[in-house]
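Scroll down for the structure; my scribbles are underneath it.
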């Protein structure tokens, strides 16, 4: 079920649309000359290899600067390219476990739980993209490229952010809270409705009286126990009981209709419910692509929207699909390309 009709992975297609594919066996000496020609006509080279492998394959700035002094060499690894773990394999879930995510996710007293998606992978890819943009901007200004390193571990650790600041400066150790509650803001968590759950986020003081009004509980606005975030935090359990009782008078959909645009609230959807949501299906948040063999298939659209322009919608390439065309752009003759292919270089 996770493949297109021609056997191609939907996982691969989810990550690789709008790209071109060139194959190049860097273990072969002849491939280095091809790499150098590509580098001479490029702004950036990215790799996701561990330890000293980029150096062995000639993918570092020191190896490539003679072919393009402005080249930016960006490396993504598990634990960084220096230190005792430089050559260790590593993956998203390992990072979540080691830097503390599993101690924060789930209900108190339950087993450790990871985040439901490969969030560290996604965040590290974005961090690499930011690094690349900064590196290219600097290279275009100075004419000099550089080496950039981003690791899964460092990005995962960096995203502990304010929790790390609390512990490092006050010794406060954040643990799990019931119903995915916010550490300090109340009400901000899951609550029960007549038929399901709803997530409320009254993360500014102004939302508490608005919530009280929608619920028909004007008396809560004048209750000193609920007057500020500080007081509501002290009485979090009481507020949970009160809100569960009030919200149980209606369904999640009914409350969402009443809260819309006034009190920040969301349903707790499954993936299928999320993708069938009219706010998704009717607003261009899904994208249909035409695969040359399989035909039409759908993905989430690019989240970046530009005024007056459609974002590209080109299916992920087959492995090496653009090798000949790109080598031809570099000035390689058809005969030379055939020779490289026969030698197993491309």
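Numbering (our numbering), first residue to last: 43 to 388. Glycine included, each C-beta is placed from N, C-alpha and C at the ideal position.
Collapsed DSSP secondary structure at residue i in the structure displayed
{"i": "residue 92", "result": "coil"}
{"i": "residue 342", "result": "strand"}
{"i": "residue 78", "result": "helix"}
{"i": "residue 53", "result": "helix"}
{"i": "residue 374", "result": "coil"}
{"i": "residue 136", "result": "helix"}
{"i": "residue 256", "result": "helix"}
{"i": "residue 190", "result": "strand"}
{"i": "residue 316", "result": "helix"}
{"i": "residue 330", "result": "strand"}
{"i": "residue 97", "result": "helix"}
{"i": "residue 105", "result": "helix"}
{"i": "residue 126", "result": "coil"}
{"i": "residue 351", "result": "strand"}
{"i": "residue 227", "result": "coil"}
{"i": "residue 219", "result": "coil"}
{"i": "residue 86", "result": "strand"}
Enclosing alpha helix (DSSP H) for residue i [first to last residue]
{"i": "residue 178", "result": "161 to 184"}
{"i": "residue 208", "result": "203 to 212"}
{"i": "residue 272", "result": "271 to 276"}
{"i": "residue 387", "result": "Counting along the chain, residue 387 falls outside any alpha helix (DSSP H), and DSSP gives it neither H nor E."}
{"i": "residue 300", "result": "294 to 301"}
Residue interval of the beta strand (DSSP E) (run including residue i)
{"i": "residue 200", "result": "Careful: residue 200 lies outside any beta strand (DSSP E), inside the alpha helix (DSSP H) at 194 to 200."}
{"i": "residue 239", "result": "239 to 243"}
{"i": "residue 233", "result": "230 to 234"}
{"i": "residue 116", "result": "114 to 119"}
{"i": "residue 307", "result": "307 to 309"}
Sub-8 Å separation of residue i and residue j beta-carbons
{"i": "residue 225", "j": "residue 281", "result": "no"}
{"i": "residue 190", "j": "residue 115", "result": "yes"}
{"i": "residue 247", "j": "residue 271", "result": "yes"}
{"i": "residue 110", "j": "residue 82", "result": "yes"}
{"i": "residue 344", "j": "residue 353", "result": "yes"}
{"i": "residue 394", "j": "residue 222", "result": "There is simply no residue 394 to check, as the chain begins at 43 and stops at 388 in what is shown."}
{"i": "residue 72", "j": "residue 382", "result": "yes"}
{"i": "residue 242", "j": "residue 309", "result": "no"}
{"i": "residue 285", "j": "residue 297", "result": "no"}
{"i": "residue 161", "j": "residue 85", "result": "no"}
{"i": "residue 392", "j": "residue 236", "result": "This structure leaves residue 392 out entirely; the chain is present only between 43 and 388."}
{"i": "residue 170", "j": "residue 106", "result": "no"}
{"i": "residue 63", "j": "residue 364", "result": "yes"}
Neighbour-count burial assignment, residue i, 16 or more Cβ in a 10 Å radius
{"i": "residue 174", "result": "buried"}
{"i": "residue 300", "result": "exposed"}
{"i": "residue 193", "result": "buried"}
{"i": "residue 186", "result": "exposed"}
{"i": "residue 240", "result": "buried"}
{"i": "residue 338", "result": "exposed"}
{"i": "residue 92", "result": "buried"}
{"i": "residue 304", "result": "exposed"}
{"i": "residue 367", "result": "exposed"}
{"i": "residue 123", "result": "buried"}
{"i": "residue 204", "result": "exposed"}
{"i": "residue 183", "result": "exposed"}
{"i": "residue 380", "result": "exposed"}
{"i": "residue 103", "result": "buried"}
{"i": "residue 45", "result": "exposed"}
{"i": "residue 152", "result": "exposed"}
{"i": "residue 96", "result": "buried"}
{"i": "residue 323", "result": "exposed"}
{"i": "residue 132", "result": "buried"}
{"i": "residue 212", "result": "exposed"}
{"i": "residue 53", "result": "exposed"}
{"i": "residue 172", "result": "exposed"}
CB-CB length for residue i against residue j, believed under 8 Å
{"i": "residue 112", "j": "residue 181", "result": "4 Å"}
{"i": "residue 197", "j": "residue 166", "result": "4 Å"}
{"i": "residue 218", "j": "residue 149", "result": "7 Å"}
{"i": "residue 358", "j": "residue 61", "result": "7 Å"}
{"i": "residue 48", "j": "residue 277", "result": "Between residue 277 and residue 48 the Cβ distance is about 59 Å, and since that is not below 8 Å, they are no contact."}
{"i": "residue 163", "j": "residue 134", "result": "5 Å"}
{"i": "residue 77", "j": "residue 68", "result": "7 Å"}
{"i": "residue 341", "j": "residue 56", "result": "6 Å"}
{"i": "residue 99", "j": "residue 87", "result": "About 11 Å; that fails the 8 Å criterion."}
{"i": "residue 143", "j": "residue 130", "result": "Not quite, the Cβ-Cβ distance comes to about 19 Å (not below 8 Å), so this is no contact."}
{"i": "residue 386", "j": "residue 70", "result": "7 Å"}
Residue i Cβ short of 7 Å to the ligand SAM heavy atom set
{"i": "residue 247", "result": "The ligand content of the structure shown is nil, which means the ligand SAM is not present either."}
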